[in-house]
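Peer 1: Residue numbers for the sequence shown follow UniProt numbering, beginning at 1 and rising by one.
Have a look at the structure that comes next, please.
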Amino acid sequence: MTQIRPLIGKAIIEGTILCRSGLHIGGSESALAIGGVDSAVIRDPLTNRPYIPGSSLKGKLRSLLERALSLPLNRSGGGVSRHECNDGACPVCRLFGAAVDPRAEKRRNIPSRLIVGDAFLNEASAAELEEIDGNLPYTEEKTENGLDRLTCAANPRQIERVPAGARFDFRILYTVENDEEAAEDLDHLEALLRLLEDDALGGGGSRGNGRVAISIEKVLYRSLATYLGSETERELDAASIGESLAETLAAKKEN
Ligand SMILES: [Zn+2]
Numbered sequence: 001m002t003q004i005r006p007l008i009g010k011a012i013i014e015g016t017i018l019c020r021s022g023l024h025i026g027g028s029e030s031a032l033a034i035g036g037v038d039s040a041v042i043r044d045p046l047t048n049r050p051y052i053p054g055s056s057l058k059g060k061l062r063s064l065l066e067r068a069l070s071l072p073l074n075r076s077g078g079g080v081s082r083h084e085c086n087d088g089a090c091p092v093c094r095l096f097g098a099a100v101d102p103r104a105e106k107r108r109n110i111p112s113r114l115i116v117g118d119a120f121l122n123e124a125s126a127a128e129l130e131e132i133d134g135n136l137p138y139t140e141e142k143t144e145n146g147l148d149r150l151t152c153a154a155n156p157r158q159i160e161r162v163p164a165g166a167r168f169d170f171r172i173l174y175t176v177e178n179d180e181e182a183a184e185d186l187d188h189l190e191a192l193l194r195l196l197e198d199d200a201l202g203g204g205g206s207r208g209n210g211r212v213a214i215s216i217e218k219v220l221y222r223s224l225a226t227y228l229g230s231e232t233e234r235e236l237d238a239a240s241i242g243e244s245l246a247e248t249l250a251a252k253k254e255n
């Protein structure tokens with residue numbers, strides 16, 4: 001029997017991702033010829049501006065939590081090994097979701113409690129980047145060299161990157177389904193965003209690409225009653241989202 005998932009409310013986390021080094025999140029192969037770079041960044045087809053796909057950010061955060069909790073990488077597909085189980089209490093799977101495992105005894109799909117939106121270049125950054133003289137709009141070309149160990153011949157590749165200093169606006173939605181797990185989920189999310197600052201986003205992280213600084217600027221909590229019009233939204237403490245949400249939920253229970 002499938003139980004309906006409760007909807008208690010939503011936490012909305014907004015902030016910016018600042019590139020401290022050049023960022024490379026690859027686009028489709030068909031974009032390779034553009035501008036003559038070997039490896040192009042993904043761009044919004046309407047504005048032609050580079051952006052950070054929600055799936056890239058979410059995938060990175062998920063992989064950091066899998067590692068932080070030392071969970072087994074029990075699934076593979078599309079050339080990627082990952083952790084995905086059918087345990088609804090698993091901190092990774094309840095936060096990021098898990099697809100049905102056809103080999104599992106209890107076949108259940110765990111929908112993600114997180115919705116990670118695409119992070120678009122903020123307007124001030126876009127205006128600055130439009131001033132850059134170069135072949136490619138909003139980005140820079142970086143040459144990376146592979147060195148032949150015998151002949152010392154260089155094999156240069158042109159990598160397209162969003163330059164250091166660019167800022168992207170992000171928005172992450174968290175659905176509160178279980179008020180006891182909500183604080184832990186949001187503590188994990190905050191820790192992952194901090195961990196990401198000492199890791200890398202996108203490609204070429206070990207060569208210095210993708211160092212980011214993340215600032216959480218605003219966190220709102222909207223209960224189900226807010227959507228129904230009988231309660232106003234609450235602003236949560238952006239410096240301790242989990243604790244702040246737990247207090248809000250506890251205060252509501254007392255009333
Ligand atoms: Zn799991």
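All C-beta atoms, glycine included, are put in the ideal place defined by N, C-alpha and C.
Where does A33 land, buried or exposed, given buried means 16+ other C-beta within 10 angstroms?
Peer 2: Only weak support exists for where A33 lies, its pLDDT of 49 falling under 50; the coordinates are left without a value.
Peer 1: Excluding the 5 residues flanking K58 on each side, which residues of the same chain have their C-beta closer than 6 Å to its C-beta?
Peer 2: Excluding residues within five positions, the ones whose Cβ falls inside 6 Å are V116.
Peer 1: Look at the alpha carbon of N155 and the alpha carbon of G78, and state the distance between them as a whole number of angstroms.
Peer 2: Computed Cα separation, rounded: 28 Å.
Peer 1: Check whether the Cβ of C152 sits closer than 7 Å to any heavy atom of ligand 1, and report yes or no.
Peer 2: No - ligand 1 has no heavy atom lying nearer than 7 Å to the Cβ of C152.
Peer 1: Mind listing which residues have their beta carbon within less than 7 Å of any non-hydrogen atom of ligand 1? Chain order is fine.
Peer 2: The answer, residue by residue, is L71, H83, E84, C85, D87, C90, V92, C93 and A98.
Peer 1: Identify whether G134 lies in helix, strand or coil by the three-state DSSP scheme.
Peer 2: G134 falls in the coil class under three-state DSSP.
Peer 1: Straight-line CA distance for F120 to R167?
Peer 2: When rounded, the distance between both Cα atoms is 8 Å.
Peer 1: Taking all protein chains shown into account, decide if N109 is buried (16 or more other Cβ within 10 angstroms of its Cβ) or exposed.
Peer 2: Classification for N109: exposed.
Peer 1: Using CA coordinates, which residue listed in I4, F170 and N86 is at the minimum distance from N122?
Peer 2: The shortest Cα separation from N122 among I4, F170 and N86 belongs to F170.
Peer 1: Would you decide whether D44 is buried or exposed? Buried here means 16 or more other CB atoms lie within 10 Å of its CB.
Peer 2: Exposed: under 16 other Cβ atoms inside 10 Å.
Peer 1: Taking just the CA atoms, how far does A182 sit from A239?
Peer 2: Going by the C-alpha atoms only, they are around 16 Å apart.
Peer 1: Determine the DSSP secondary structure at G54, reduced to helix, strand or coil.
Peer 2: Looking at G54 - three-state DSSP - the assignment turns out to be helix.
Peer 1: If contacts are defined as beta-carbon pairs under 8 Å, then R157 and E144 qualify, I think. What distance do you get, rounded to the angstrom?
Peer 2: Going by Cβ atoms, the distance from R157 to E144 rounds to 5 Å, so yes, they are a contact pair.
Peer 1: Looking at the structure shown, is A98 part of a helix, part of a strand, or coil, going by DSSP?
Peer 2: Residue state, collapsed to three classes: strand.
Peer 1: May I have a chain-ordered list of the beta strand (DSSP E) segments no shorter than 3 residues that lie completely inside the region 181–205?
Peer 2: Entirely contained in the region 181–205, not one beta strand (DSSP E) run reaches 3 residues.
Peer 1: Can you list, in chain order, the residues of its chain with a C-beta nearer than 6 Å to that of L249? Leave out the 5 residues immediately preceding and following it.
Peer 2: D179.
Peer 1: What are the residues that DSSP puts in a beta bridge with S223?
Peer 2: Its beta-bridge partners are G9.
Peer 1: Count the other CB atoms within 10 Å of the CB of E235; is the residue buried (16 or more) or exposed (fewer)?
Peer 2: Counting Cβ neighbours within 10 Å, E235 comes out exposed, since fewer than 16 surround it.
Peer 1: Short of 8 Å in beta carbon distance, which residues of its chain neighbour C152, apart from the five on each side in sequence? Order them along the chain.
Peer 2: None.
Peer 1: Who are the near neighbours of N142 in its chain, counting only those whose CB is closer than 7 Å to its CB and skipping five residues on each side?
Peer 2: Reading off the sequence, residue 142 comes out as Lys, not Asn. So the qualifying residues of the chain are G22, I159 and R161.
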